[in-house]
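Per numbering that gives the first Met the number 0, the sequence shown starts with residue 0, numbered consecutively. Note that beta-carbon positions come from the ideal geometry of N, C-alpha and C, so glycine has one too. Everything on this sheet refers to the single structure shown next.
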Amino acid sequence: MRKLLAVLFLFPLFLTATSAFAISSPELVKNYYEYGLRTTSEMAVYNGKVYLTYDDGITGSELWVISSPGAAPTLLKDINPGAADSNPNELFVAGGKLLFAADDGVHGSELWESDGTPAGTKLVADFYTGPNSSFPTNFERYDGGDAVAFQANLQTVGRVFCTMTSVITECRSDLKTSFSGNYAVEHDGNLYFAANDSVNGQELWKRDIATGAYSLVADINASGPNRGSDPKELFVIPGKGIVFSATDGVSGVELWFSDGSTAVRICDIKLGADSSSPSDFALINNGIVFAATDSSSGREPWISDLTLNGCQRIQDIVPGSGSSNPREFQAYGNGGATAYFAATNDVNGEELWVTDGSGAVLVKDINPGADDGYPYSFFTFNNNLYFIAYNPQTGEELYLSDGTESGTGLLDDLRPGSPASYPYYFDTLSNRLVFLGYGEKSQEVFFTNTAGDTVTQSSSLLGPGDESSDPGNLTRISDTLLFLSAENAEYGIEPHVLNTITQEITLLKDLQPGANDSFPTVIGVLSGKVIFTASNSTSGRELWITDGTPSGTQLVKDINPGSDSSSPARLALSIPMILNGYLYFAATSPSEGVELWRTDGTTGGTTLVRDINPGSDSSNPSGAVIANGMIMFAADDGANGRELWKSDGTFVGTTLVKNIDPFSNSNPNWLVSHDGLVFFQAEGQISVGAELWKSDGTEAGTQLVLDILPGAGDGYPSHLYSFQGDLFFSAYKATNHQALYRVGAPYGPSDVQLVKDTDSGTPTGVSVGNFAELSGKLFFLASTPGEGEELWS
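Listed below in structure tokens is the structure:
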């Protein structure tokens with residue numbers, strides 16, 4: 000038995016050969032280097048401590064706290080008890096409390112608050128009643144920081160505007176919002192935001208902070224089939240009003256201004272119905288600097304003094320119709336004397352630039368030559384400019400600038416050499432900069448000195464180890480026991496258990512005696528016991544169970560008797576299907592083929608649910624999700640082809656939902672549960688190819704959402720991903736050309752929107768997929784003929 004030297008937070012685990020042992024418009028994210036497991040995704044400083052979302056491999060993704068710089072994180076509260084994740088996100092401080100969204104396993108992802116104690120960490124409101132989620136996001140402080148505005152999903156309504164004060168927390172079901180670019184701002188005693196009252200379309204609204212009264216500021220786009228001006232990029236000009244982008248239905252998306260009584264268009268930069276799409280506003284010399292597109296110079300930096308037609312291009316950085324694509328303007332100096340931003344030219348690539356409003360100059364070519372330094376995440380602290388940038392020698396790291404070329408340089412190579420540290424979630428603590436990033440061996444919370452020019456301390460989020468044992472299948476058994484598979488030269492890859500108190504790792508059983516491997520693979524957890532498959536020469540690959548002790552590690556049932564294997568497998572690769580105390584899986588038997596089974600962890604309780612394809616032929620159930628108390632999956636009954644099925648765990652309750660393609664197979668796949676429905680890709684007869692469908696579990700409620708690639712062509716919607724109240728997916732808009740789409744409630748054809756076409760000018764060779772959420776953004780991979788496969792957000 001081996002004792003580890005320090006508390007083990009997360010894999011990788013290690014042993015020697017002799018041991019017993021975590022929507023704006025999508026943008027390309029460049030210079031991606033895969034680090035490995037991400038253990039934390041959110042962070043905020045509250046009452047002198049650092050709070051963060053962290054997964055220690057035992058309690059799931061929960062809320063943790065670091066009490067002082069350099070200290071190890073400790074669990075604040077296991078909101079979703081056991082190994083399940085509560086996934087705290089959107090950490091935000093307002094009204095003297097730490098606010099965030101979390102899922103306790105009962106109410107879905109809802110609004111929570113904490114005073115820094117376990118008892119004071121509690122649910123604020125269940126906006127979307129029951130297990131469904133309201134996904135509160137876009138938090139913004141107002142009224143001196145005592146109140147907060149945000150957005151949440153309401154049942155049958157969709158995404159709406161909400162506020163939380165010391166008196167009341169409320170969501171306005173009559174004021175629908177759009178997630179992208181729609182943060183509220185405060186000015187002159189009012190809270191401004193964009194909302195749709197179902198009469199005027201998406202327009203500019205305000206809330207009187209003192210009285211709580213709501214009113215429409217201006218009906219900018221008051222006519223036509225697409226009513227609503229869709230205000231975005233709301234930005235406060237102190238003492239004057241707010242600027243934003245909007246369209247009146249005639250002039251396209253242009254620059255607008257409001258003093259709270261009405262709204263006027265300042266400039267029509269791109270004349271006619273085309274849009275200049277102003278964005279990335281920042282204060283400069285009593286005006287604003289921003290990015291905009293005109294007909295002659297492409298997308299370049301602009302300035303406005305906020306008078307009518309008072310807009311002019313600062314500089315045509317890429318001469319002619321080409322674009323420098325400026326972004327992330329950051330005011331700097333007293334009164335915003337200058338503004339820093341990222342821009343691209345043919346000589347230097349995308350690098351750091353500065354403007355005083357009269358012209359623009361390159362500050363420093365961080366990645367020398369035409370390659371990109373890709374600076375981003377600009378902010379100021381202690382009269383210095385901070386940002387993240389890339390250089391091939393150091394990777395993506397944190398930079399510091401005093402505004403000069405000589406005074407612009409790397410703060411610290413936190414992960415030495417070319418690998419990137421990817422710093423993110425910046426905050427301040429006792430006049431020190433604190434942020435997350437990857438160190439030499441693990442993810443860490445870093446702290447600077449008070450000058451902000453040196454990293455002085457860090458708190459590691461990963462335990463130490465020595466020689467790798469290729470650990471895997473980490474699964475919580477109890478508060479003190481962790482199941483895992485690991486390799487040893489003496490007995491191969493076998494099941495082990497970690498005692499988190501004694502820090503000892505021991506072999507449970509050598510299921511395949513000697514140096515050969517049993518290859519244990521976890522199927523799920525039931526009543527504090529791990530259900531897994533393992534292989535040996537006696538029973539083949541079958542179902543096993545363990546309570547974390549050698550004597551409690553037993554064969555559940557030899558479904559395919561003798562040395563042949565039943566090969567139990569999950570119905571979905573990443574998620575165990577557990578319903579009403581039973582774990583559901585697919586397994587093979589000689590008389591039934593591959594069919595739907597369930598187990599309660601006992602031999603007698605491990606039974607065939609239904610022989611969907613009667614006899615020895617297989618129905619091959621797969622792609623399952625749980626929704627509305629049912630398991631929904633794809634299967635072939637031998638008569639209707641491969642179609643959508645559902646099961647409540649009984650023979651009679653296991654039925655065909657709908658024969659979508661009566662003439663062949665509809666082949667449902669990419670099933671995902673979202674907002675009480677199941678969405679999936681299916682092929683619908685001859686006239687409709689593989690497109691997006693939805694189902695409530697009934698035949699009548701199983702319907703085509705939209706024929707994205709009209710006619711018999713296939714849209715092939717895939718990588719379906721539920722994110723902050725909407726469903727995102729990739730689909731083909733043309734042969735061999737994918738784009739990013741989203742759909743929101745009530746999920747009809749008109750609710751499907753094109754989010755991003757990563758290469759709209761190229762008819763072929765574009766793909767989109769592999770979604771993941773981090774830092775409140777949706778990341779995905781996209782390939783184009785020009786860029787190859789890269790990371791976007």
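{"Check": "Rounded to the nearest angstrom, what separates Gly688 and Arg641 at their Cα positions?", "Outcome": "15 Å"}
{"Check": "Distance, Cα to Cα, Lys776 vs Asn88?", "Outcome": "11 Å"}
{"Check": "Between which residues of its own chain and Tyr331 is the CB-CB distance below 7 Å, once the five residues before and five after are set aside?", "Outcome": "Thr337, Ala338, Tyr339, Thr379, Leu384 and Gly402"}
{"Check": "Ordered along the chain, which non-local residues of its own chain (more than five positions away) have a Cβ less than 7 Å from that of Leu409?", "Outcome": "Thr393, Glu396 and Tyr398"}
{"Check": "From Gly286 to Gly335, what does the alpha carbon distance come to, in whole angstroms?", "Outcome": "9 Å"}
{"Check": "Let me know if Asn333 comes out buried or exposed under the rule of 16 or more other beta-carbons within 10 Å of its beta-carbon.", "Outcome": "exposed"}
{"Check": "Run the CB neighbour count on Asp345, radius 10 Å, all protein chains shown included, and call it buried at 16 or more, exposed below.", "Outcome": "exposed"}
{"Check": "What did DSSP end up calling Ser749 once you bin it into helix, strand or coil?", "Outcome": "helix"}
{"Check": "So the candidates are Gln553, Leu110, Tyr720 and Leu481; which of them puts its Cα closest to the Cα of Leu122?", "Outcome": "Leu110"}
{"Check": "Leaving out five residues on either side along the sequence, give the residues of the same chain with a beta carbon under 7 Å from the beta carbon of Tyr32.", "Outcome": "A caution first: Tyr32 carries a pLDDT of 23, below 50, which makes its placement in the model unreliable, though a value can still be read off. Within the same chain, Tyr32 has close Cβ partners Gly394, Pro418 and Ala419."}
{"Check": "Report the residue from Asn308, Trp543 and Leu570 whose alpha carbon sits nearest the alpha carbon of Trp596.", "Outcome": "Leu570"}
{"Check": "So, helix, strand or coil for Ala342, using DSSP?", "Outcome": "strand"}
{"Check": "Among residues of its own chain, excluding the 5 on either side of Gly527, which ones have a beta-carbon nearer than 8 Å to its beta-carbon?", "Outcome": "Ile476, Ser477 and Asp546"}
{"Check": "Quick check on Asp411: does DSSP put it in helix, strand or coil?", "Outcome": "strand"}
{"Check": "Can you tell which of Ser276, Val156, Thr306 and Asn612 has the C-alpha that lies nearest to the C-alpha of Pro300?", "Outcome": "Ser276"}
{"Check": "Do Val656 and Val605 count as a contact pair if the criterion is CB distance below 8 Å?", "Outcome": "Residue identity differs from the one stated: residue 605 is Thr in this sequence, not Val. Taking 8 Å as the Cβ cut-off, Thr605 and Val656 do not qualify as a contacting pair."}
{"Check": "My understanding is that Leu705 touches Pro667, with C-beta atoms under 8 Å, so please give their C-beta distance in whole angstroms.", "Outcome": "In fact, because the Cβ distance is near 16 Å, the residues do not count as touching under 8 Å."}
{"Check": "What does the alpha-carbon distance come out to for the pair Ser749 and Thr587?", "Outcome": "44 Å"}
{"Check": "Which whole-angstrom value is the C-beta distance of Leu843 and Ile208, which I expect to be below 8 Å?", "Outcome": "Summary: the structure shown does not reach residue 843, with the chain confined to residues 0 through 792, and so no result is reported for it."}
{"Check": "Taking only three categories from DSSP, how would you classify Ser376?", "Outcome": "strand"}
{"Check": "For Val49, write down the residues that DSSP places opposite it in a beta bridge.", "Outcome": "Val44 and Ile65"}
{"Check": "CB Ala341 to CB Glu349, shorter than 8 Å?", "Outcome": "yes"}
{"Check": "Helix, strand or coil: which one does DSSP assign to Gly523?", "Outcome": "strand"}
{"Check": "Do Asp636 and Ile611 count as a contact pair if the criterion is CB distance below 8 Å?", "Outcome": "yes"}
{"Check": "Among the candidates Ala70, Asp84 and Gly69, whose CA atom is the shortest distance from the CA of Lys76?", "Outcome": "Asp84"}
{"Check": "State the DSSP-derived secondary structure class of Pro300, mapped to helix, strand or coil.", "Outcome": "strand"}
{"Check": "CB Lys645 to CB Gly696, shorter than 8 Å?", "Outcome": "yes"}
{"Check": "Quick one, are the C-beta atoms of Phe678 and Leu703 less than 8 Å apart?", "Outcome": "no"}
{"Check": "According to DSSP, is Ser467 part of a helix, a strand, or is it coil?", "Outcome": "Any reading at Ser467 needs caution, since the residue's pLDDT is 41, under 50, leaving its predicted position unreliable; the model's value is listed next. If DSSP states are grouped into helix, strand and coil, Ser467 belongs with the strands."}
{"Check": "List the residues that DSSP assigns as beta-bridge partners of Gln392.", "Outcome": "BP columns for Gln392 are empty, so no partner."}
{"Check": "Tell me the DSSP secondary structure of Pro25 in three-state form.", "Outcome": "Note that Pro25 has pLDDT 41, beneath the 50 cutoff, so the model's placement of it is unreliable and no number is given."}
{"Check": "Output the distance between the C-alpha atoms of Pro709 and Leu572, rounded to the nearest integer angstrom.", "Outcome": "31 Å"}
{"Check": "For Asp304, count neighbouring Cβ atoms within 10 angstroms of its own Cβ and tell me buried if that reaches 16, exposed if not.", "Outcome": "exposed"}
{"Check": "Quick one: using the 10 Å Cβ neighbour count with 16 as the cut-off for buried, is Ile167 buried or exposed?", "Outcome": "exposed"}
{"Check": "Tell me whether Phe722 is buried or exposed, calling it buried when 16 or more other Cβ atoms sit within 10 Å of its Cβ.", "Outcome": "buried"}
{"Check": "What distance in whole Å lies between the Cβ atoms of Glu541 and Thr532, which are believed to be in contact at a cut-off of 8 Å?", "Outcome": "7 Å"}
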